[in-house]
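Residue numbers in the sequence shown follow the numbering used here, run continuously in steps of one, and reach 219 at the last position. Virtual Cβ for every residue (Gly too), placed ideally from N, Cα, C. Structure first, then comments.
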Amino acid sequence: MSSTLLVIAAILLALLGVLHSIIGEASIIRPLLRRDDLPVVLGGQDYTAGVIRFAWHITSLLAIGLAVVLVLSAFGSNWRAIATAVGVMCLVCAVLPVVYTRGRHPSWAIFGVAGAICLAAAIIA
95 MSSTLLVIAA ILLALLGVLH SIIGEASIIR PLLRRDDLPV VLGGQDYTAG
145 VIRFAWHITS LLAIGLAVVL VLSAFGSNWR AIATAVGVMC LVCAVLPVVY
195 TRGRHPSWAI FGVAGAICLA AAIIA
């Protein structure tokens, strides 16, 4: 029964992540970024727009990553599988600030290091 509940929660979180990304991009992010009065942060509105876009989509990715962890937990996966899933999700999250801010936002480094540590822990231990 508890496995079923975890899977249901995972489905809801995955659906949330997908819908958050698709609907949010269309109804919030694009209209917001079309505005001429975005603040100039670290040299330009392009940086501001990149931060807004990657932060929005990282939220979606993390919801999907949490869903994966719940599914792994529901089926009794060991900590290595969970650490691997978290590590991969962190590495995927590291890509977004690199793409959307050309690496100027430092979060990519933190996500990258955290992802590498999780994967190393899963492999080494």
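Distances from the CA of residue 145 to each of 218, 195 and 112 were compared; the closest alpha carbon is that of 195. In its chain, beyond the 5 residues on either side, 100, 103 and 104 have a beta carbon closer than 6 Å to the beta carbon of residue 164.
Within its own chain, the residues whose Cβ lies closer than 6 Å to the Cβ of residue 184, once the five positions on either side in sequence are excluded, are 205, 208 and 209, listed in chain order. Close CB contacts of residue 136 within its chain, under the 7 Å cut and outside five residues either way in sequence, are with 198 (chain order).
Here residue 127 really is in contact with residue 143; their C-beta atoms are around 5 Å apart, less than 8 Å. Going by DSSP, residue 183 is part of the alpha helix (DSSP H) stretching over 173-195. Relative to the Cα of residue 124, the nearest Cα in the group 134, 110, 219 and 147 belongs to 147. The beta carbon of residue 190 is closer than 7 Å to those of 148, 151 and 152 in its chain, skipping five residues each way along the sequence.
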